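Numbering (this note's numbering), first residue to last: 12 to 444.
Think of the CB as a built atom: it goes at the ideal place given N, C-alpha and C, for glycine as much as any other residue.
Keep in mind the model is a prediction, meaning the values are calculated, not measured.
Structure record follows, encoded as structure tokens.
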Amino acid sequence: MASADHDESQPHSVNDELDSLRARVTQLEARTPVRSRPHIRSVFAVLLILVAAVLTPLSAVAVWAKNDVGDTDRYVAMMKPLASDPDVQAALANRVTDAVMTHLDVHALLAEVAPADRPALDRALGRLSGPLTTGLTNFVHGTVEKFVASDAFEKLWVALNRGAHAAAVKALTGSGGGAVKLTNDTVVIDLAPVIDRVKQLLVDHGLTIAAKIPEIHTDFTVLTSDAIGKAKKGFRLLQLAGFWLPVVTLVLAAGGVLLAVRRRRALVTAALAIAVGGAVLGLAVWVFRAFYLDSLPDSVSQPAAGSVFDALVVQLRAVVGLVVTLGTVVALAAWLSGEGRAATRVKSMWNGGIGAVRDAAGITGGPVGVWVHRAKQWLNWTVVVVAAAVLIVWDRPTGLVTVWIALAALFALAVVEFLDDDSTPHMLPEPHA
């Protein structure tokens, strides 16, 4: 009888437990807030990363405007190699020759030559071939070519560009002054000092009539574009923001990563977005160069203008390479540190490959290996921090420098992994039956 009573009461006990569980689940569901989709944190994280990506090209231009275009010594360093550029030398030689020959009235000047100077002039003219004017033009052009290929011209070119820097800044920022003229959105260098040196060389070579050539002022175009005048205000703002804009960009990217729910994935996205922003700037510079050269007037040598343009943006291209390379390296490192299937497989190959080399060499870590095993995480982070510090303190790093620093850090991480040995015997997996 008691057993029957026990059997009859058991269903009631089970039902009571089920009712209690349902009440508990209902209570927990009431306490759990209903999350909106998409999550508000994720939305703001994506917005911050997108803004950082958009600001990346502007940050690179701001750094270039402040540190390269705005600094006289760096500007001169960019322009100095042009003194030995064949296209620039040819353009300068043609420009100076045309200016000299325009003011060289051969017949009038010959009539004014003193009898004492006639023998030297005859010897100089006797070396000419063809008609007098053509031969004289070739003589002047050859003299100019020798001068622009000399060390004396390089020094003069540096001095002219140091003076031209103020005009270049004025062209791009709307501020500054200088003897070099800015006319119709064009920066030009007055070649009068070059012509004076050429006239003296012509006199020294026996063409004494060159001394009677009046002072000539002719221009060599350094930069010209209708967009210069329109871009003055924007470029000035970028120059003023040369330091703070990159900082704001990094802060926004970091804020987006920290705000994200999945931070590792957000870090990969932010790094790739910044790399894409740098790549877009590099593409824009390449496209603008083509449009810029096509818009030049016929009087401007396109090869020389291309050389000048490349010299002006060489550091901007270096910044682009740095941004793209660094963004790619950070994204790859963040991806490999995750727990995804592909990343785990790559890390297993890395650890297994280094372990196989260590085992094949018969090397045991001993006390050092045990210590490295215990401090492995800190050692890895030390390698990362040191690599980042080297990149930060490096003066004007390029994309190639970033790659070498990353490879050095990878080698250091490989050494840590090679020394990681807790002295436990390594058992080979048994083959499956």
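Boundaries of the alpha helix (DSSP H) around Phe299: Arg274 to Asp305.
In the structure shown, the three-state DSSP call for Asp309 is coil.
Around the beta-carbon of Gln326, 16 or more other beta-carbon atoms lie within 10 Å, marking it buried. Excluding the 5 residues flanking it on each side, Val324 has same chain C-beta neighbours closer than 7 Å at Val296, in chain order. Counting only the Cα atoms, Leu147 lies some 18 Å from Val159.
Annotated as distal: Ala286 and Thr229, with beta-carbon spacing of 9 Å or more. Look at the segment 404 to 439 and you find no whole run of beta strand (DSSP E) that is 3 residues long or longer. In this structure, Val209 sits near Val151, with a CB-CB distance shorter than 9 Å.
Burial check for Arg106: the Cβ neighbour count within 10 Å reaches 16 or more, so the residue is buried. Annotated three-state conformation of Phe231 is strand, per DSSP. Within the model, the alpha-carbon separation for Arg275 versus Leu58 is close to 17 Å. Annotated three-state conformation of Asp201 is strand, per DSSP.
Glu165 carries a helical assignment under DSSP once its states are collapsed to helix, strand and coil. Boundaries of the alpha helix (DSSP H) harbouring Asp109: Pro97 to Thr113, taken from the DSSP string. Arg407 places its beta carbon 9 Å or farther from that of Ala271.
Exposure of Met360 is indicated by the presence of fewer than 16 other C-beta atoms within 10 angstroms of its C-beta. A direct Cα-Cα distance of roughly 31 Å separates Leu307 from Ile224.
Per DSSP, the unbroken alpha helix (DSSP H) holding Asp84 starts and ends at Thr83 to Met90.
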